[in-house]
Every structure is written in C-alpha cells, then in structure tokens.
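Structure record follows, encoded as structure tokens.
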Amino acid sequence: MPTPEMSLPEAPRPRVLVTGGTGFIGSHTTVLLLAAGYDVLIVDNLSNSTADVVGAIETVAGRRPDFVCGDVRDGALLARLFARSAIAAVFHFAGLKSVAESLVSPLDYYANNVGGVIVLCREMAEAGLHTLVFSSSATVYGDSDTLPLTESSPLDPAQPYGRSKLMIETLLGDLAATDSRWRIASLRYFNPAGAHESGALGERPRGIPNNLMPYLCQVASGERPELIVHGNDYPTPDGTGIRDYIHVMDLAQGHLAALDYLNTHSGFVAINLGTGRGSSVLDLVHAFERVIGRTLPRRIGPRRSGDIAACWAAVDRARELLGWQSERGLDAICRDAWRWTSTGRRPQP
Ligand code: NAD
Ligand code: UDP
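Structure below.
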C-alpha cells in the first residue's frame with residue numbers, strides 16, 4: 427500500500443523570473459531561490475555575463491534554472507514568457523552598473539535601466555503580475571555628513587547611474603500609488619563583494635575592474651602589478667575611503683527575505699541592504715592579506731573623481747521589515763572572493 431504522501435501529486439513550485447540572472451548578484455540569488463524550492467526563469471542579454479553561468483548555477487544548486495537569452499526591453503518576449511508559464515514574482519537585476527561608464531554614456535544608462543523597468547512593469551501589469559524586487563543602490567544617496575545612511579537620508583545621486591536608479595524608484599513608487607495590487611521592494615545595495623563559498627560562482631568584470639575587491643583579487647593573482655589606493659587624505663581614521671562591504675550571499679538571502687515580506691505587504695518600500703559597518707580601503711587590504719597569507723604591492727594614488735569619503739548603511743529597516751541581517755564579515759568576503767579567483771574563475775570572452 428502506498429503511503430498517503432506517496433500518492434499525492436507534487437505541488438507545482440512557484441516560479442520566479444530573474445532578469446540579469448547570469449550576472450554577479452542575480453546568479454547567486456538564483457542559487458538560493460532554487461535551494462528554497464522555487465523554479466527560476468532567467469532572462470539575460472549576456473551584455474555583461476556568459477551563458478556558462480547557467481551550468482555553474484546548476485552545479486552549485488543541484489537544479490538548473492531555465493534560461494532565455496533576451497533583453498528586458500523586448501516587451502513581446504516578456505509577454506510570451508509570461509503567457510507560457512505562471513510567474514509568481516520578478517527579481518529585476520538586469521541593468522548597466524558602471525558609475526564611470528554612465529558619465530560617458532548617460533543615454534545608454536537611462537535607456538537600459540529606466541527603459542527596461544518601464545517595459546518590464548508594463549508587461550507585468552498586462553500579465554496580472556505585480557510582485558517585484560528591484561536592484562537599487564546606495565548611489566541614490568547624496569554625500570552625507572550624517573552616517574549611517576537611513577532610507578530617509580537625502581537622495582541626491584552624483585552621477586547618471588545613481589540618477590537612473592532614483593528615477594526608477596520614483597517611477598515604482600508612483601506605480602504602487604496608482605494600483606494597490608503592486609508589491610514592490612527596492613533594495614538599496616551598499617558594496618556587494620565576495621563569491622559563492624563553493625568557488626564555482628563569482629564576479630567576472632570585463633576589462634580593468636573599477637571596484638576594489640575584484641581589483642585586489644587581480645593583484646593577488648598577478649594579473650595587475652599593484653593596487654592603487656585612491657587617496658589617503660580623506661577625513662577617516664586611516665585617510666582612505668570607507669564603504670559597507672556586504673557578502674553577495676548575504677545580499678542574495680536579503681532578496682528571499684524581501685520576497686517573503688511582499689507575500690504579506692503591498693505598496694512600495696525602499697530598504698537598505700548593507701552590514702551597518704564601514705571598512706576602509708586599508709581594512710579590506712589587510713583582511714585580504716590575512717586570508718592569502720602574504721602582502722600585496724600597493725601605492726597611494728590621488729583621489730578618484732566623484733568618490734565620497736565614507737558611506738555605510740543603517741540596517742534597522744531591513745531587520746524590522748525583513749527579519750534579515752548580514753552574517754558574514756570581511757574575512758569571509760575576502761576568503762570566498764579569493765577562492766573564486768584562484769580556483770573557479772574563467773575570464774569573460
Ligand atoms: P552584472 O552586470 O553582473 O549583472 C547584470 C546582468 O544584467 C548582466 O548579466 C547583464 O548581461 C544583464 N543585462 C544588462 N542589461 C540587460 C537588459 N537590458 N536585458 C537583459 N539583461 C541585461 O551586475 P550585478 O553586479 O549583478 O548587478 C545587478 C544589479 O544590481 C544591477 O541592476 C546593478 O545596478 C545593481 N547594483 C549592483 C551593485 C554592485 O556593486 N554590483 C551595487 C548596487 C546595485
Ligand atoms: N578603491 C581604491 N582602489 C581601487 C578601487 C577602489 O582605492 O582600485 C577605493 C575607492 O576609492 C573607494 C573604495 O575603494 O574608497 C570602494 O570603491 P568601489 O569602486 O569598490 O566602490 P564605490 O566607490 O562604488 O562604493
């Protein structure tokens with residue numbers, strides 16, 4: 427006699443659309459969604475990632491996400507995908523993310539980031555789908571003297587990238603105000619870094635990395651001769667810039683917590699995802715050196731234009747609304763980023 431459990435048909439798994447899911451943060455979040463029992467459909471145009479990430483996700487998660495190579499600004503494609511299978515929610519990571527590039531090509535940033543959200547939300551509404559987790563950024567804040575940054579700190583982004591994120595938040599707030607079916611969480615990431623602890627997934631920047639952690643990894647692996655510390659005359663304890671580095675797996679976990687929150691809350695909410703702790707450039711360098719057991723060549727250079735002295739998150743809202751807080755510290759960030767660099771990382775073509 428079969429047990430009652432054996433004779434029950436398996437309940438269908440809820441399905442999440444992850445745009446930009448072969449990118450850095452989207453791929454790590456997809457691993458956790460699969461582990462939590464969701465099905466995942468990734469749409470990514472591969473402008474900053476490669477299709478082999480889908481296989482790496484399968485290796486790590488033990489299940490393969492569906493993958494469609496396409497652009498989120500292709501409304502007809504989204505309409506077809508929404509019609510084909512019931513989607514429970516959308517995680518929208520797809521977008522351009524280089525502050526420096528946005529200063530050179532602002533139209534590309536507005537067209538891709540803002541344009542992408544407009545098309546996506548239109549098609550979601552058309553399909554009767556109203557649950558959205560959006561990748562925002564701490565760049566929406568101005569250069570504030572008052573730290574930590576709370577969600578009500580002044581919003582005054584200094585460049586087109588940050589302004590594109592703020593425009594999107596404004597747009598999403600307006601949308602939620604006009605239709606109470608919308609459930610939207612805009613997650614303001616501070617400085618995502620690190621990699622999956624398996625060493626099979628991580629960050630793959632094209633060309634010379636802008637960000638400190640991938641740059642440090644490339645110095646450690648010998649791809650770059652030295653780290654240039656961008657300024658040591660900031661009004662901080664060691665003179666170097668302070669940021670809130672958050673492990674990418676903690677960040678990914680924050681997205682699952684946001685999805686749970688949206689199951690019972692409608693409207694629009696912006697939430698910081700950071701650790702609540704600031705670390706200087708030299709703090710990160712020293713942590714990295716501890717992990718790899720050797721010192722790294724470095725010299726002090728001039729300040730990088732547009733950089734602020736210090737920024738870290740107030741994390742009370744994330745704790746109160748999402749019941750989430752980061753668990754990993756600088757050493758885990760460095761250890762996992764280095765494992766990925768030294769064992770798993772393949773360069774982007
Ligand atoms: P990423 O570049 O690794 O991933 C983004 C992915 O989106 C890439 O795979 C790219 O190919 C894809 N993509 C870009 N435009 C697309 C489009 N129009 N249609 C379909 N796919 C498209 O970046 P990431 O670090 O994973 O960042 C994800 C999101 O988080 C971005 O929106 C970014 O602005 C935001 N964010 C990132 C950081 C960070 O430091 N990494 C900080 C704050 C916010
Ligand atoms: N930084 C640095 N050398 C580098 C890259 C970054 O000294 O090669 C510093 C940068 O000036 C800032 C911190 O590291 O103080 C974090 O920079 P990142 O670009 O990673 O993040 P963001 O400035 O966008 O928050």
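The sequence shown begins at 427 in my numbering and counts up one residue at a time.
By construction, the Cβ of each residue, glycine as well, lies at the ideal position given by its N, Cα and C atoms.
These figures come from a predicted structure and were not determined experimentally.
Closer than 7 Å: residue i CB and nearest ligand 1 heavy atom
{"i": "residue 546", "result": "no"}
{"i": "residue 508", "result": "no"}
{"i": "residue 641", "result": "no"}
{"i": "residue 615", "result": "yes"}
{"i": "residue 498", "result": "yes"}
{"i": "residue 543", "result": "no"}
{"i": "residue 469", "result": "yes"}
{"i": "residue 718", "result": "no"}
{"i": "residue 456", "result": "no"}
{"i": "residue 446", "result": "yes"}
{"i": "residue 680", "result": "no"}
{"i": "residue 459", "result": "no"}
Spatially closest choice to residue i from the options, by CA coordinates
{"i": "residue 685", "options": "755, 466 and 515", "result": "515"}
{"i": "residue 459", "options": "679, 532 and 722", "result": "679"}
{"i": "residue 667", "options": "673, 706, 633 and 648", "result": "706"}
{"i": "residue 690", "options": "533, 551, 523 and 608", "result": "608"}
{"i": "residue 474", "options": "457, 449, 496 and 488", "result": "449"}
{"i": "residue 699", "options": "693, 730 and 740", "result": "740"}
{"i": "residue 477", "options": "495, 487 and 507", "result": "495"}
{"i": "residue 682", "options": "446, 462, 546 and 447", "result": "462"}
{"i": "residue 509", "options": "551, 768, 728 and 447", "result": "551"}
{"i": "residue 616", "options": "624, 627, 676 and 659", "result": "676"}
{"i": "residue 572", "options": "749, 754 and 738", "result": "738"}
{"i": "residue 563", "options": "545, 524 and 548", "result": "524"}
Same chain, Cβ closer than 7 Å to residue i, neighbours up to 5 away in sequence not counted
{"i": "residue 734", "result": "569"}
{"i": "residue 713", "result": "756, 757 and 760"}
{"i": "residue 530", "result": "none"}
{"i": "residue 484", "result": "490"}
{"i": "residue 643", "result": "763, 764 and 767"}
{"i": "residue 661", "result": "735"}
Whole-angstrom distance between residue j and residue i, CA atom to CA atom
{"i": "residue 760", "j": "residue 710", "result": "8 Å"}
{"i": "residue 577", "j": "residue 554", "result": "29 Å"}
{"i": "residue 540", "j": "residue 720", "result": "44 Å"}
{"i": "residue 437", "j": "residue 511", "result": "15 Å"}
{"i": "residue 526", "j": "residue 472", "result": "20 Å"}
{"i": "residue 612", "j": "residue 598", "result": "9 Å"}
{"i": "residue 519", "j": "residue 742", "result": "24 Å"}
{"i": "residue 503", "j": "residue 538", "result": "16 Å"}
{"i": "residue 444", "j": "residue 726", "result": "40 Å"}
{"i": "residue 670", "j": "residue 752", "result": "11 Å"}
{"i": "residue 500", "j": "residue 664", "result": "48 Å"}
{"i": "residue 427", "j": "residue 451", "result": "Unreliable positioning characterises residue 427 in this predicted model, as indicated by a pLDDT of 47, which lies under 50. A coordinate reading is not provided."}
{"i": "residue 390", "j": "residue 633", "result": "Because the chain spans 427 through 775 in this model, residue 390 falls outside it and cannot be assessed."}
{"i": "residue 487", "j": "residue 730", "result": "39 Å"}
{"i": "residue 522", "j": "residue 446", "result": "10 Å"}
beta-carbon residue i near ligand 2 non-hydrogen atom, thresh 7 Å
{"i": "residue 571", "result": "no"}
{"i": "residue 522", "result": "no"}
{"i": "residue 654", "result": "yes"}
{"i": "residue 686", "result": "no"}
{"i": "residue 669", "result": "yes"}
{"i": "residue 756", "result": "no"}
{"i": "residue 733", "result": "yes"}
{"i": "residue 589", "result": "no"}
Contacting residues, own chain, Cβ-Cβ under 6 Å from residue i (five flanking each side not counted)
{"i": "residue 583", "result": "565, 566, 589 and 592"}
{"i": "residue 639", "result": "619 and 763"}
{"i": "residue 528", "result": "535, 585, 586 and 587"}
{"i": "residue 429", "result": "Confidence in residue 429 is poor, its pLDDT being 49 and thus under 50, which makes the residue's placement unreliable; the coordinate value appears in the next sentence. So the list is empty, once near-sequence residues are dropped."}
{"i": "residue 543", "result": "594"}
{"i": "residue 560", "result": "518 and 612"}
{"i": "residue 694", "result": "598, 599, 602 and 610"}
Sequence-distant residues of the same chain with beta carbon closer than 8 Å to residue i, five excluded per side
{"i": "residue 441", "result": "464, 465, 466, 467, 511, 512, 513 and 514"}
{"i": "residue 724", "result": "645, 652, 653, 654, 655 and 711"}
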